[in-house]
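**Q**
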Amino acid sequence: MAAQIASTRSLSVGAGSAGIVATALLLLGLGAMIFAPRVVGEYGTEIGFRALIYLTLAEAWNLLAGYGGLVSLGSSSFVGIGAYILMGMLNAGGFGIVTALTASGLGAAALAIMVSPAVFRLRGLYFTVGTLALGEALRLFMINVSYFGGATGIFLKSNPPPTEVLYVYAVALAGIATLVMEIYTGTRFSILLRSVRDDEDAASQVGVRAFRVKLLAFAVASLLMGAAGGLQALKLGAIEPYGMFGLQWSIDTLSIVIIGGLGVRFGPIVGTIFVIALAEALADYPELHLAMTGVILILVIRFAPKGLCGLGQDVCRLLIGRWDRPGMPRAGGALP
Amino acid sequence: MPSVELIASSLASGFLLGGILALTALGLSLVLGVMRLVNLAHGEFLIAGAYAGLFLVKYTGIDPLLGLLVIGGVIGLLALPMHQFLLMPLAGKGPEAPMMTTFGVSIILQNAFVLAFSADTRAIERDYANVALTLGPVTVAQIYVIGFAISASVVGAVHILIAYTAFGRDLRASAADADAAATIGVNVRRVHALTFALGAGCAALGGTLIGIAFAFTPVSGATYLLTDFAIVVLGGLGNILGTLIGGITLGVLQSIGGVVLGDGYRDLVGLALFLVVLAFRPQGLLAASRS
Amino acid sequence: MNCQRPTAVKWHRAKCPRRRVAIGARAGSALVALVLYSAAACAADDIVVGASIPLSGPLAGFGSFQQWGYKRAVDEVNKAGGIAIDGKKLNVRLILRDDKTDPNVTASNTETLISRDHVTAILGSCTPVLVNAGALVAERHRIPLVTACDPLEAFKSVRKWSYAWDLFFHEPDLAAAPFRMLEAFKVQTNKRVAILHDNGPDGQVVGGQVWPEIAKSTGYEVVQNSSFPVDNTQFTSLIAEAKSKNADIALVDAITPQAVALRKQMASANFTPKVLVIEKGGEPVQFAQALGKLSDGVLVGGYWDPSFPYPGAADLAKAFEKETGQTSSQHIADSYAAAQVLLDAIAVAGSTDAQKINEAIAKTDKTYVVGPIKFDENHTSKLPIVEDQWRSGNTAVVWPSERATGKFLFPLP
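Chains as they are written, first to last, in the numbering used here: chain A, 26 to 361; chain B, 2 to 292; chain C, 882 to 1294.
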């Protein structure tokens, strides 16, 4: 598998230097954010942590659903598995945080690989419903089986590291997610995945190994989600099935990416910033906030299918409108 | 080793309960089969029906079972504008957009229920719901029998509607091939709107039964949504009678799971079954999808 | 970076990504600046107390009672002039945030309260899961947190707390109450007990451990002990088993939606034990409203009633019913008391220093509306338990006899 991936690693059609510049800027921005705690204080750090976790989840889901066409409502399965693995390892003792986080990610990826033969038989909306059922089934399982703490959950025996340290981990994780997306968009894999998304049968006929392509995307996305879940668990110090396997993880991730722009490179970032800002602004008006999320989701789907990023693109296009000559094929927005 | 009475009663209850659940799933099957729409707000339609039944008896004293047609009609009518303004404009944009929209509606509806009716647990209190019927070793709740009868009648009625009326013909045509149907003069848009309303109405009926037999809160819809998906997949998308059979099958299997593993595992058994069927036979166990 | 004349393929990549990043960065930094500004602008001359409570989601009912209790305590203190800090009388400002019954949100709310709103102390959420989430954050930041609405064993089982304090009932007391009551009233039963409990933290303690132990030690026979998930909807197998084992006494521990469903299914399965106790879920008034006649005779442990001989008890209930038009609940009392305990401690400490306030809480020894409050070495304070019974949509205290306000109905109607 690794050799296959390495051989497709050629900067070919669609990459371009601008993509690398953008990613470099992003990574630089993330790097700068490591020093942010000193500037923005504790509150900003906490918001930053939350935003980075969501960003990681959103990037992963965007890869899966936006670029891969695999609209999954089962993100909570991987977040939850990552959380429990980290707790288990840290409680067992003798493992460092980085090891535990890596294990969280790998565990989630293993789950993805395990369910993939079943789950990939499903296409389109069956896949979506199937992942929803998977998430719920896992939650019910964790509630019933007392070995994992049942409904009470597990507590972290030691003290979690301070927020600043957690924040740095979050920056690192988000950075990895960004790198992953860059590697993805800069290689032939992006074309393979897109071909599978657009028409799986046709792609198979021209020799694309659809199953493996989907599996790679699924495993990578799940790995990121698992690591994010582990980090969240580290932050909380106490986890249980309703909080870590709950549907809100799938919902929030989906909302962020759709609002930001599904299948758009900067969708996750824009979505995360918007959703977190909205949540903070409306934190004191909870019913309003929840209803607004639903309304915004509906409005975005109806009027801005490419999300806020797409809207931004339209604005961009308006601003440089005169260069967009009629008759010129417009490169939609689906390209990375 | 559980007694004969226990097993017999559990199986009978599962059978009847499955029939009731089939009614809750009927709307989903219709909408999925005809419009290829995954209605993630389906659970909230159920709960809307339950609230409607609750307030019907509270403010008019009319028994919800007598007022079922009214309840179904009201909720169905309320669903029409939702389809008109939110779903129809998304007609050509692939299956995800409408699904996400119904998702957004689900969030809004849940919160609307909390705001309007508070998060309190509710139940429609009726005397006939608290009686047990005993026949030999089998004891079941009377409301299960009543509910099963109602459910089977509604399923039968809808089946007749779809198999033997003009509307049903249009509906089947739209489900088989919407474009072809349009070319032969079927008003596909109207069919979809009416199907959506019918689906919502059926869901409301199922919800009322749930409200009488059990309890509900603004957020109970989600649990039923998953069970209903399982039933729909078991029975075959858009297969009306299949939904009834799928529901009964699920009910019986859940009962067996409950007796063998414990009641806590009922839902898990249902979900596991769902995943298995989805993996190996997603078109449903009763594959011939005659609407 | 000037806008060259791009071809259709290159333009959006050459121009917009960078531009978008730039725009995004500017917007992001503006947002950060706004946040910082609002943080700095928070008034420095109030004592700020924060709370994250479930105002939406399944536990919204509890949250509304907590909101009322917390607010009332703070308003009373402010009406009396506030609290003297270093000689100067300051007002108390209460900031409430909704945690939507999600522990992740409780944790982040608590963090925001501490880091952005600079709260001096925190009041807890409700139910072990949510309280834990907030308390762990407060512990980490060394901010004192006083909570009610968290059974003491569940509270203690998390860790040895330094900054979190809990006043509530002790699960063993609650579990023992029905048995002690039955002994006191000397009612005739076949002494066969069926236990049905959810597998939440307190369900497992009460139903899984304490009830079986106490039953055995008082000569009762546990014929069934079944657990179910907190959000279970079908109880047919459980009930059928209890019926077949001929249990005269049924002990249930579940939250309200499940409690209502369970009671209905018991009736429709023709299972009517002589004594039915429904802990937790049987307590709020919505239970009786949903069930109507079926709720009559159901026993539930309580830790407060307006009839208690503690200062302000009756008035509290009256004030609540007058202000909100709803039936009063015991949850107004423990949240009111928790807030009072905290505010008194701040007053005693005479400072907003976390350590001093924490020490003052430790020294609490006073009788509040819920009874005498004094924290032990585990930071817990027990509330006394009575046994309530529903009749016609109202509860009456039936045990112990010194507190009784109504006659014990036996058997279950």
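Each residue gets a CB set at the ideal place from its N, CA and C atoms; glycine is no exception.
1. Count the CB pairs spanning the region 133-150 of chain B and the region 1143-1152 of chain C that are closer than 8 Å, and state whether there are at least three.
2. Determine the chain C residues that contact Leu1/B at a beta-carbon separation under 7 Å, and present them in chain order.
3. Based on Cα-Cα distance, which residue from Leu24/B, Ala201/B and Leu88/B lies nearest to Ala80/B?
4. Measure the alpha-carbon distance for Ala153/B versus Gly248/B and round it to whole angstroms.
5. Taking C-alpha atoms, which residue in Gln1211/C, Thr991/C and Lys1155/C lies nearest to Ser1188/C?
6. Let me check understanding here. Comparing Cα to Cα, which of Lys1072/C, Lys1244/C and Ser1176/C lies closest to Leu1290/C?
7. Check for me: the beta strand (DSSP E) holding Gly1183/C runs from which residue to which?
8. For Gln1236/C, which of helix, strand or coil comes out of DSSP?
9. With a cut-off of 8 Å on the beta carbons, I'd call Val1250/C and Leu1197/C a contact; round off their distance for me.
10. Which two residues bound the contiguous beta strand (DSSP E) that contains Thr218/B?
11. Helix or strand or just coil, what does DSSP make of Tyr1249/C?
12. What span of residues does the beta strand (DSSP E) with Asp979/C cover, start to end?
13. In the DSSP output, which residue or residues are listed as bridge partners for Arg123/B?
14. Let me see if you follow: with CB-CB separation under 8 Å, is Phe215/B close to chain C or not?
15. So Val245/A and Val205/A are in contact, right, with Cβ under 8 Å, and what is the actual spacing, rounded?
16. Is the CB-CB distance between Asp1234/C and Tyr1184/C below 8 Å?
17. Go ahead and label Gln1069/C buried or exposed: buried means 16 or more other beta carbons lie within 10 angstroms of its beta carbon, across all protein chains shown.
18. Which value, in whole angstroms, describes the spacing of the CA atoms of Leu115/A and Gly99/A?
19. Using beta carbons (cut-off 8 Å, strictly below), is Val65/A in contact with chain B?
20. With DSSP collapsed to three states, give me the class of Pro1292/C.
21. List the endpoints of the continuous alpha helix (DSSP H) containing Glu97/B.
22. Taking the alpha-carbon of Thr184/B as reference, which of Leu195/B, Thr196/B and Asp171/B has the nearest alpha-carbon?
23. Any residues in the region 256-267 of chain B with a beta carbon nearer than 8 Å to a beta carbon of chain C? Which ones, in chain order?
24. Give the residues from the region 270-303 of chain A that approach chain C closer than 8 Å (Cβ to any Cβ), ordered along the chain.
25. Kindly confirm or deny that the region 1161-1174 of chain C and the region 110-129 of chain B touch, where touching means at least three C-beta pairs closer than 8 Å.
26. Do the CB positions of Val130/A and Ala252/A come within less than 8 Å of each other?
27. If I measure Cβ to Cβ from Ile966/C and keep anything under 7 Å in the same chain, skipping five residues before and after, which residues do I get?
28. Can you check whether the CB of Ala1029/C is closer than 8 Å to the CB of Ala1218/C?
29. With a 10 Å radius around its C-beta and 16 neighbouring C-beta atoms as the bar for buried, classify Gln85/B as buried or exposed.
30. Using a cut-off of 9 Å between C-beta atoms, extract the partners of Thr228/B located in chain A.
31. Between the region 140-149 of chain A and the region 1047-1057 of chain C, can you find at least three pairs of beta-carbon atoms closer than 8 Å?
32. My parser needs the alpha helix (DSSP H) runs of 4 or more residues fully inside the region 205-235 of chain A; what are they?
33. Short of 8 Å in beta carbon distance, which residues of its chain neighbour His314/A, apart from the five on each side in sequence? Order them along the chain.
34. Is the beta carbon of Leu272/A closer than 8 Å to that of Ser101/A?
35. Give the interface partners of Ser11/B over in chain C, defined as CB-CB distance under 9 Å, in chain order.
36. Assuming Thr196/B and Val32/B make a contact with CB atoms under 8 Å, what is their CB distance in whole Å?
**A** With the given structure in hand:
1. yes
2. This structure does not reach residue 1/B, given that chain B is present from 2 up to 292, and the question cannot be answered.
3. Numbered from 1 along the second sequence, position 79 holds the residue referred to as residue 80/B. Nearest option by C-alpha distance: Ala201/B.
4. Here residue 153/B refers to the residue found at position 152 of the second sequence. Here residue 248/B refers to the residue found at position 247 of the second sequence. Approximately 11 Å between the Cα atoms of the pair.
5. Indexing the third sequence from 1 puts residue 1188/C at position 307. Closest by alpha carbon: Gln1211/C.
6. In the third sequence, residue 1290/C corresponds to position 409, counting from 1. Of the listed residues, the one whose Cα sits closest to Leu1290/C is Ser1176/C.
7. Working through the third sequence from its first residue, we reach residue 1183/C at position 302. Leu1180 to Gly1183 is the span of the beta strand (DSSP E), which, as asked, contains Gly1183/C.
8. By one-based count along the third sequence, residue 1236/C stands at place 355. DSSP places Gln1236/C in helix when its eight states are reduced to three.
9. To locate residue 1250/C, count along the third sequence from 1; it is residue 369. To locate residue 1197/C, count along the third sequence from 1; it is residue 316. Going by Cβ atoms, the distance from Val1250/C to Leu1197/C rounds to 6 Å, so yes, they are a contact pair.
10. What you label residue 218/B is simply residue 217 of the second sequence in a count that begins at 1. No beta strand (DSSP E) contains Thr218/B, which DSSP labels as neither H nor E.
11. As a working note, residue 1249/C is residue 368 in the third sequence. It is a strand residue.
12. Along the third sequence, one-based indexing puts residue 979/C at 98. Taken as a continuous stretch (DSSP letters only), the beta strand (DSSP E) holding Asp979/C covers Lys969 to Asp979.
13. Here residue 123/B is taken as the residue at index 122 of the second sequence, counted from 1. In DSSP, Arg123/B forms a bridge with Phe217/B.
14. By one-based count along the second sequence, residue 215/B stands at place 214. Output row for Phe215/B: interface = yes.
15. Indexing the first sequence from 1 puts residue 245/A at position 220. Indexing the first sequence from 1 puts residue 205/A at position 180. Sure, about 6 Å apart at Cβ, within 8 Å.
16. As a first step, residue 1234/C must be located in the third sequence, where it is residue number 353. As a first step, residue 1184/C must be located in the third sequence, where it is residue number 303. No; because the gap between Cβ atoms is not below 8 Å, this pair is not in contact.
17. Numbered from its first residue, the third sequence carries residue 1069/C at position 188. So Gln1069/C ends up on the exposed side.
18. As a working note, residue 115/A is residue 90 in the first sequence. As a working note, residue 99/A is residue 74 in the first sequence. Those two C-alpha atoms are separated by around 25 Å.
19. Residue 65/A sits at position 40 when you count from the first residue of the first sequence. Answer no: the Cβ-Cβ gap between Val65/A and chain B never drops below 8 Å.
20. Against the third sequence, residue 1292/C aligns to sequence position 411. Looking at Pro1292/C - three-state DSSP - the assignment turns out to be coil, as it is neither helix nor strand.
21. Position 96 of the second sequence holds residue 97/B. Per DSSP, Glu97/B belongs to the alpha helix (DSSP H) from Glu97 to Phe118.
22. Locating residue 184/B in the second sequence gives position 183, counting from the first residue. The residue with the shortest Cα to Cα distance from Thr184/B is Asp171/B.
23. Ser256, Gly259, Val260, Gly263, Asp264, Gly265 and Arg267
24. Gly271, Gln273, Arg290, Phe291, Ile294, Val295, Ile298 and Ala302
25. yes
26. On the first sequence, residue 130/A is found 105 positions in, with the first residue counted as 1. On the first sequence, residue 252/A is found 227 positions in, with the first residue counted as 1. Inspection of the sequence shows that residue 130/A is occupied by Gly rather than by Val. Result yes, Cβ atoms of Gly130/A and Ala252/A sit closer than 8 Å.
27. Looking up residue 966/C in the third sequence gives position 85. For Ile966/C, where only same-chain residues beyond five positions count, the Cβ hits under 7 Å are Ile928, Gly1231, Ser1232 and Thr1233.
28. Against the third sequence, residue 1218/C aligns to sequence position 337. Against the third sequence, residue 1029/C aligns to sequence position 148. Yes.
29. Position 84 of the second sequence holds residue 85/B. The residue in question, Gln85/B, is exposed, as its Cβ has fewer than 16 Cβ neighbours within 10 Å.
30. Within the second sequence, the letter at position 227 stands for residue 228/B. Residues of chain A passing the Cβ test: none, with the nearest at roughly 10 Å.
31. no
32. 214-223 and 225-230
33. Taking the first residue of the first sequence as 1, we reach residue 314/A at position 289. The answer, listed in chain order, is Leu303, Ala304, Leu307 and Ala308.
34. Within the first sequence, residue 101/A is the residue found at index 76, counting from 1. Within the first sequence, residue 272/A is the residue found at index 247, counting from 1. Yes, the pair counts as a contact, with Cβ atoms nearer than the cut-off.
35. Position 10 of the second sequence, counting from 1, holds the residue named residue 11/B. Here the neighbours are Thr1117, Ser1118 and Ala1121.
36. To locate residue 196/B, count along the second sequence from 1; it is residue 195. To locate residue 32/B, count along the second sequence from 1; it is residue 31. Indeed they touch by this definition, with Cβ atoms about 6 Å apart.
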